[in-house]
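Chemist: One point on numbering: in the numbering used here, the residue at position 15 of the first sequence is 15, and numbering is uninterrupted.
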Amino acid sequence: MDRSTGLVWLRNDLRVSDNPALAAACRESDAVVALYIHESDTGIRPPGAAARWWLHHSLIDLGESLAKLGIPLIVRSGKAADVLAEVIKSESITTIHWNRRYAPAEVALDKEIKENLRQQDLAVTSHPGNVLVEPWMIETGQGKPYSVFSPFWKTLRDKQIEQPLQKPHKVGDPIKPKQIDADYRPPKWSKKFDGLWAIGEAAAHKAIDRFLEQNLEYYPEGRNFPAKDVTSRLSPHLRFGEISPRQVWHTALARTHSHHDQRAATEKFLSELAWRDFSYHQLFHREDIAKAPMQPKYSAMEWRSDEKALHAWEKGETGMPIVDAGMRQLWATGYMHNRVRMLVASLLSKNLLIDWRKGENWFWDCLVDGDMANNPASWQWVAGSGLDAAPYFRIFNPATQGERFDAAGDYVREWVPEIKALPDKWIHNPSAAPKDVLKAAGIALGTTYPRAIVDLKESRERALEAQARL
DNA sequence: TAGCTCGTTGGACAA
DNA sequence: TTTGTCCAACGAGCT
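Shown next, in the form of structure tokens:
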């Protein structure tokens, strides 16, 4: 008797519900096998260290969910085409499905693989599902990709976003999950993440439910205050596709319909979700946004080479409390509040005039949500080389921003405890504090806490001049 | 077509 | 203390 076996190649879609590729395979095949490849193809950006830790746990969770559906999850390393060929042979695969990805190098690789497999008379289908709207399905009146967010959002908002798919039915009796990443042990340093995060599809749905229930109404204002943190914390779940953007979209909308007063808050939240799509729009339509500035003139930017300053920034030892707090939060938790991400990025790329790509790389390695599209697009936005970037004169002042968004100093005191005895008045600017105030707080500048690494006023002028020369 | 408005997230300084 | 104004130039997107 002929039994057809479908293969689902999983990438950024580690979920069983609303997974178009998985659903299609389950629908049309008698048996289904899932595959994840740690890819070594050149041009394919491997996840950073923190994301790699997340991925490990997410695969274990997914393997268990798939096993309950009678689907084994195979995890391999190597070049995608080679691994696929092996698995297709050993599992007698007849059809292959995957959900699309959008970086130029990924698109090219997937296209090449698809053509090769089809030449071998295998049925290959790619599916949408990792963005709200496919990047080529949304364009300006002139038929061009959007480069300004507001009109992009206006157009996206009026689109009919596809309804999420149900979790597929069992294709066979439950099986015992295979061991995932048998030769991979999460690195020692990742111990610090244990207990901070709940990983996997169920955890992702819990996160959005909790957010909509508890935080949504405070979101439009509260999202700017790092100490309160009323954000959804969905970013790493979205990064690995433990939940799909359209699941988030429709879950939030469904909730709003029963709470009319929350409409504005929902709109704000969904517009932030749309920023993710806008980033993918850029990722798809532009050349390697992690490397090339989207505004070509920025290729001529005279970045400073300053390893010492870069290192101080990475370690959270800049002497700017809110910056240091953010960088330490990142190191300790794999995450940083969005407002603070902008501040630390502004300090690096503007005040320190260090190439944004160095910061982008650090984030990529440290963030559990380090995303192909969001991370480089946002860095370029702050640095000024991005689309729809802030006017050149918008340079954040960490002290002013700290006073505005962390007025009570709670965030700073949590992550920079060595200055916590400072009164609120000086908590965001210890380098300017009077001697007796510092002494009373037990702080010796340059010893127990660094002096400010740059003069904000001077470095601001320097950044303005450097950009004016472009 | 030509013109108009606006650009996610700000700062400095004057009044 | 708060409010208003200015800070490039440009090009996207709309009317």
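Just so it is clear, CB atoms sit at the ideal spot from N, CA and C, and this is done for glycine as well.
Once you ignore the five residues that flank residue 376 on each side, which residues in its own chain have a CB closer than 7 Å to its CB?
Modeler: The count along the first sequence starts at 1 and reaches residue 376 at position 376. Here the set comprises 289, 290 and 360.
Chemist: Use the C-beta contact count for residue 97: other C-beta atoms within 10 angstroms, 16 or more gives buried, fewer gives exposed.
Modeler: Taking the first residue of the first sequence as 1, we reach residue 97 at position 97. Flag for residue 97 reads buried.
Chemist: Between the alpha carbons of residue 1 and residue 29, how many angstroms are there, rounded?
Modeler: Taking the first residue of the first sequence as position 1, residue 1 is located at position 1. Taking the first residue of the first sequence as position 1, residue 29 is located at position 29. Any answer about residue 1 is weak, because its pLDDT of 46 lies below 50 and its placement is not dependable; what the coordinates show is given next. If you take the alpha carbons of residue 1 and residue 29, they lie about 14 Å apart.
Chemist: Assign residue 196 to one of two classes, buried (16 or more other C-beta atoms within 10 Å of its C-beta) or exposed (fewer than that).
Modeler: On the first sequence, residue 196 is found 196 positions in, with the first residue counted as 1. Looking at its Cβ environment, which holds fewer than 16 other Cβ atoms inside 10 Å, residue 196 is exposed.
Chemist: Just to confirm my understanding: we take residue 212, look at its own chain, exclude 5 residues before and 5 after, and list those with CB closer than 8 Å. What are they?
Modeler: Counting from one through the first sequence, the residue named residue 212 turns up at place 212. Excluding residues within five positions, the ones whose Cβ falls inside 8 Å are 251, 252 and 255.
Chemist: Going by DSSP in three states, residue 143 sits in which element: helix, strand or coil?
Modeler: In the first sequence, counting from the first residue as 1, residue 143 sits at position 143. It is coil, neither helix nor strand.
Chemist: Going by DSSP, what residues sit across from residue 124 in a beta bridge?
Modeler: As a first step, residue 124 must be located in the first sequence, where it is residue number 124. Residue 124 pairs with 96.
Chemist: Going by beta-carbon coordinates alone, are residue 418 and residue 449 separated by less than 8 Å?
Modeler: Translated into the one-based positions of the first sequence, residue 418 becomes position 418. Translated into the one-based positions of the first sequence, residue 449 becomes position 449. It is a contact, given that the beta carbons lie within the stated cut-off.
Chemist: Please confirm if the segment 344-357 is in contact with the segment 379-388, defined as three or more CB-CB distances below 8 Å between the two stretches.
Modeler: The segment 344-357 is in contact with the segment 379-388.
Chemist: What three-state label does DSSP hand residue 91 in the structure shown?
Modeler: As a first step, residue 91 must be located in the first sequence, where it is residue number 91. Coil, per DSSP.
Chemist: Considering only DSSP beta bridges, list what residue 31 is partnered with.
Modeler: Translated into positions along the first sequence, residue 31 becomes position 31. BP columns for residue 31 point to 5.
Chemist: Out of curiosity, what's the CA-to-CA distance linking residue 85 and residue 38?
Modeler: Position 85 of the first sequence, counting from 1, holds the residue named residue 85. Position 38 of the first sequence, counting from 1, holds the residue named residue 38. If I take the Cα positions, the gap works out to 15 Å.
Chemist: Give the straight-line distance between the Cα atoms of residue 340 and residue 411, rounded to the nearest whole angstrom.
Modeler: The residue you call residue 340 lines up with position 340 of the first sequence. The residue you call residue 411 lines up with position 411 of the first sequence. Roughly 10 Å between the two C-alpha positions.
Chemist: If I'm right that residue 401 touches residue 310 with Cβ under 8 Å, what's the distance once you round it to whole angstroms?
Modeler: Sequence index remark: in the first sequence, residue 401 carries index 401 (1-based). Sequence index remark: in the first sequence, residue 310 carries index 310 (1-based). Actually they are not in contact, since the Cβ atoms of residue 401 and residue 310 sit about 21 Å apart, beyond 8 Å.
Chemist: How is residue 428 classed by DSSP in three states: helix, strand or coil?
Modeler: Taking the first residue of the first sequence as position 1, residue 428 is located at position 428. Coil, per DSSP.
Chemist: Round the Cβ separation of residue 243 and residue 201 to the nearest angstrom and send it over; I've been treating them as touching at under 8 Å.
Modeler: Mapped onto the first sequence, residue 243 falls at position 243. Mapped onto the first sequence, residue 201 falls at position 201. Indeed, because the Cβ distance is near 7 Å, the residues count as touching under 8 Å.
Chemist: Could you tell me which residues DSSP pairs with residue 59 in its beta bridges?
Modeler: Reading the first sequence from its first residue, position 59 is the one you call residue 59. BP columns for residue 59 are empty, so no partner.
Chemist: Could you tell me if residue 192 is buried or exposed, where buried requires 16 or more neighbouring beta carbons within 10 angstroms of its beta carbon?
Modeler: Working through the first sequence from its first residue, we reach residue 192 at position 192. Residue 192 comes out exposed.
Chemist: Judging by CA-CA distance, which residue of 110, 137 and 188 is the nearest neighbour of residue 44?
Modeler: For the purposes of this step, residue 44 is taken as residue 44 along the first sequence, with counting starting at 1. Measuring from the Cα of residue 44, the nearest candidate turns out to be 110.
Chemist: For residue 231 versus residue 338, is the C-beta distance shorter than 8 Å?
Modeler: Walking along the first sequence from the start, residue 231 turns up at place 231. Walking along the first sequence from the start, residue 338 turns up at place 338. Yes.
Chemist: Rounded to whole angstroms, what's the CA-CA distance from residue 183 to residue 194? Just pull it up for me.
Modeler: Within the first sequence, residue 183 is the residue found at index 183, counting from 1. Within the first sequence, residue 194 is the residue found at index 194, counting from 1. Taking the straight line joining both Cα atoms gives about 20 Å.
Chemist: Hey, could you find the ends of the beta strand (DSSP E) residue 76 is sitting in?
Modeler: The residue labelled residue 76 in the question sits at position 76 within the first sequence. Element bounds for residue 76: 73-78.
Chemist: Within the chosen definition, does the segment 48-56 reach the segment 161-171 through at least 3 CB pairs nearer than 8 Å?
Modeler: Touching, no, given that fewer than three Cβ pairs across the two stretches are closer than 8 Å.
Chemist: Which of the three DSSP states, helix, strand or coil, is assigned to residue 449?
Modeler: Walking along the first sequence from the start, residue 449 turns up at place 449. Three-state DSSP puts residue 449 in a strand.
Chemist: Confirm, please, whether the CB-CB distance from residue 424 to residue 49 is below 8 Å.
Modeler: Mapped onto the first sequence, residue 49 falls at position 49. Mapped onto the first sequence, residue 424 falls at position 424. Contact flag unset, no.
Chemist: Just reading off the alpha helix (DSSP H) that residue 376 is part of, what are its end residues?
Modeler: Residue 376 sits at position 376 when you count from the first residue of the first sequence. Here the alpha helix (DSSP H) through residue 376 covers 374-383.
Chemist: Buried or exposed, going by whether 16 or more other CB atoms sit within 10 Å of the CB of residue 90?
Modeler: By one-based count along the first sequence, residue 90 stands at place 90. Exposed is the call here.
Chemist: Which whole-angstrom value describes the C-beta separation of residue 176 and residue 67, a residue pair presumed to lie in contact below a C-beta threshold of 8 Å?
Modeler: Numbered from 1 along the first sequence, position 176 holds the residue referred to as residue 176. Numbered from 1 along the first sequence, position 67 holds the residue referred to as residue 67. With 8 Å as the limit, residue 176 and residue 67 qualify as a contact, their Cβ atoms being about 7 Å apart.
Chemist: Does the beta-carbon of residue 209 have 16 or more other beta-carbons within 10 angstroms, so that it is buried, or is it exposed?
Modeler: Numbered from its first residue, the first sequence carries residue 209 at position 209. Exposed, by the Cβ-count rule.
Chemist: Answer yes or no: do residue 143 and residue 20 have a C-beta to C-beta separation smaller than 8 Å?
Modeler: For the purposes of this step, residue 143 is taken as residue 143 along the first sequence, with counting starting at 1. For the purposes of this step, residue 20 is taken as residue 20 along the first sequence, with counting starting at 1. Not a contact, by the Cβ cut-off of 8 Å.
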